[in-house]
Structures are given as structure tokens and as C-alpha cells.
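Visitor: Below is the structure I would like to discuss, written out as C-alpha cells.
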Amino acid sequence: RELQLEMEQACTEHLKDVGGWLAPTFEPIAFDRDDFPCEASVIIPVRNRIRTIKDAISSVLSQQTTFPFNLIVVDNHSDDGTTEAIRAFQDDKRLIHLIPEREDLGIGGCWNMGVHHPECGKFAVQLDSDDIYSDSDTLQKIVEAFYAQQCAMVVGTYRMTNFAMEMIPPGIIDHREWTPDNGRNNALRINGLGAPRAFYTPLLREIRLPNTSYGEDYALGLNISRRYRIGRIYEVLYLCRRWEENSDASLDIERMNAHNLYKDRIRTWELQARKRLNEVNR
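Under this note's numbering, the first residue of the sequence shown carries the number 148, and numbering increases by one thereafter.
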């Protein structure tokens with residue numbers, strides 16, 4: 148923890164030196180910009196996850212809330228039985244099953260498709276096709292956090308597990324290095340913002356995600372934090388499963404280097420944008 152604080156301080160001082168540091172002042176967020184068919188939509192992009200998609204869908208449809216919500220599954224041309232597994236839930240009218248016409252969409256592109264669907268709710272909430280929510284009140288807690296913290300994005304806490312839902316190292320990931328005042332500056336140093344993530348839909352429709360399958364959420368979080376407050380929930384909301392077919396489970400060194408290079412580019416673009424913002428506001 149002390150080392151992380153020291154590294155954050157070094158990063159903060161560097162950002163101040165180069166004109167990229169942002170003061171803890173945020174644009175207000177108004178939750179009455181548009182009308183929505185429901186309060187929240189959980190969005191699951193998926194391709195070929197026959198072993199896990201039913202668990203993910205059941206996790207969402209079992210949520211207990213005081214508001215209406217739906218589930219948008221963007222099925223990216225699965226050919227292993229995932230499509231049929233999704234259709235097994237078609238009697239539940241809260242499920243919206245989309246199959247893109249395009250065949251070049253990454254996870255970010257699937258998210259854009261879901262968010263721009265006319266049935267998307269006021270808040271768009273993430274769930275990966277491998278994973279599940281930790282309890283039946285996860286969605287309720289996330290939506291309540293938007294109003295309580297007056298933020299444009301909410302990030303929760305997750306527990307790493309194996310396929311059998313048994314906790315594995317590093318265990319609980321809560322990103323407590325985040326602080327309300329300096330979190331968005333420190334975000335340029337760390338490798339991710341955490342999960343699950345949720346967004347105010349009108350803002351997400353404006354920004355859009357890059358059409359990639361890695362780092363798209365990090366790019367979006369940095370963009371949002373440039374202007375708006377990000378809320379945090381420091382209790383486990385999400386079980387993140389690692390197994391042999393998981394896309395992050397066993398990356399070779401070349402793929403890891405490519406991922407790290409992409410995140411470095413995201414940081415560079417974001418730093419340039421923040422420097423321009425400071426020049427305008429000077």
C-alpha cells in the first residue's frame with residue numbers, strides 16, 4: 148500500500164509538470180436528459196460461451212430490484228450452441244437477444260450496439276459472459292450508487308474464482324487506491340478501473356467505445372473521468388471466473404505485449420486530451 152501511494156504521488160507530480168493533472172472539480176450530471184423504457188439494462192456481449200452463458204443470464208434475471216430492468220445479450224455470431232442456449236430464455240420478455248449484421252465487431256462494438264438499442268435503459272451495466280453477479284441485489288446497489296454519488300460511471304468490486312466459483316489468488320479486487328479527488332489522475336498509472344462497470348446511457352451513447360476486445364473499458368473510463376465523477380462500491384458485487392477458455396486466462400507474451408502497448412497508447416491519447424482541456428480552461 149505504501150509503495151502504491153508513493154507511485155501515485157510520483158505520477159501526480161509528473162502530470163502537474165506536463166500540464167495533464169486535473170483538479171478535483173467535476174461537471175454535474177443530470178439524470179433527466181432523456182426518457183427510457185426502463186431504469187437499467189445489463190449488457191452481455193458474447194461469442195461461443197456455451198459453458199457459461201446460461202449462468203450469466205440466470206444471474207441477471209434473478210436480480211431483485213425496485214425498478215424495471217432488462218437484459219441485452221449481443222450474440223456475436225456464436226457457432227457452438229451459445230445462440231440456442233440464449234434462446235432457451237426467450238419466454239422472459241426482459242431478455243433482448245441481438246445478433247449483429249456486421250461480422251467485424253469486437254466487445255466494444257457489441258457494447259455500442261446494445262447501448263444504442265431503443266430498449267436500453269437509463270443505466271447500462273456490464274456483465275461478461277463468463278461471470279455472474281455475487282448476489283440478487285447487485286443491480287439495485289449499482290443503480291442506487293449513481294444517485295447517491297452523483298456520478299456518470301460506477302465501478303464495483305469483484306472476486307476472482309475458478310470455474311467452480313471457488314476463490315483463487317489474488318482474491319478480492321477492490322481498487323482501494325482510488326480516491327474521489329485524485330482517482331482520475333492515478334487512473335493514468337494503473338492498468339484498469341475494476342468491475343463491474345456501469346454507465347449513464349446518454350453519456351455512453353455520446354462517447355462510444357472503441358471497437359476492440361481489449362482495453363475498450365479502460366479507454367471509456369479514462370474518457371468519462373476527464374469530466375465526470377466516477378463512483379465506487381467497495382463490496383463484492385461480481386464473481387470473475389478464470390478457466391481454460393477465458394480470454395484473459397493464458398495469454399502468450401506477444402499478446403500481452405500487444406495489450407500493454409495498446410493501453411499505453413490509450414494513456415497517451417488521454418493525456419493529450421487532458422492537456423488540451425487544461426489549456427482551454429486556463
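Ideal Cβ positions, reconstructed from N, Cα and C, are used throughout, including at glycine.
(1) Nearest-angstrom Cα distance between residue 386 and residue 251?
(2) In the DSSP output, what is residue 304 paired with across the bridge?
(3) Using the C-alpha atoms, what's the distance from residue 231 back to residue 200?
(4) If you reduce the DSSP assignment to three classes, tell me which class residue 273 lands in.
(5) Is residue 383 close to chain B? Criterion is C-beta to C-beta, closer than 8 Å.
(6) By how many angstroms is the C-alpha of residue 286 removed from the C-alpha of residue 317?
(7) Pull the bridge partners of residue 245 from the DSSP assignment, please.
(8) Indicate whether the contact test is met: 3 or more Cβ pairs, each with one atom in the stretch 405-420 and one in the stretch 358-377, closer than 8 Å.
(9) On the criterion of 16 or more Cβ atoms from any shown chain inside 10 Å, does residue 329 qualify as buried, or is it exposed?
(10) Per DSSP, what are the beta-bridge partners of residue 310 in this structure?
(11) Output needed for residue 189: all residues of its chain with C-beta closer than 6 Å, excluding positions within five of it in sequence on either side, in chain order.
(12) According to DSSP, residue 280 sits in a beta bridge with which residue or residues?
(13) Determine which residues share a DSSP beta bridge with residue 347 and list them.
(14) Report yes if the CB atom of residue 302 is closer than 8 Å to the CB atom of residue 261, and no otherwise.
(15) With which residues is residue 216 paired in a DSSP beta bridge?
(16) Can you grab the Cα-Cα spacing for the pair residue 191 / residue 296, in whole Å?
(17) If you draw a straight line from the C-alpha of residue 223 to the C-alpha of residue 253, how long is it?
(18) Can you tell which of 319, 381, 322, 300 has the C-alpha that lies nearest to the C-alpha of residue 349?
(19) Determine the direct distance from the alpha carbon of residue 344 to that of residue 313, and round the result to whole angstroms.
(20) Buried or exposed: which applies to residue 369, given that a residue is buried once 16 or more other Cβ atoms fall within 10 Å of its Cβ?
(21) Check for me: the alpha helix (DSSP H) holding residue 258 runs from which residue to which?
(22) Do you know offhand how far residue 263's Cα is from residue 149's?
(23) Quick check: what's the CA-CA separation for residue 156 versus residue 353?
Guide: In brief:
(1) For residue 386 and residue 251, the distance between alpha carbons rounds to 29 Å.
(2) 383
(3) 11 Å
(4) Judged by DSSP in its simplified three-state form, residue 273 adopts strand.
(5) This model lacks chain B altogether; it includes just one protein chain.
(6) 24 Å
(7) 221
(8) The stretch 405-420, when compared against the stretch 358-377, does touch it at the 8 Å Cβ threshold.
(9) buried
(10) Per DSSP, none; premise fails for residue 310.
(11) 207, 218, 272, 274
(12) 385
(13) 270
(14) no
(15) 187
(16) 25 Å
(17) 8 Å
(18) 300
(19) 22 Å
(20) When all chains shown are included, residue 369 counts as buried.
(21) Unbroken alpha helix (DSSP H) run through residue 258: 254-262.
(22) 43 Å
(23) The C-alpha of residue 353 is placed about 32 Å away from the C-alpha of residue 156.
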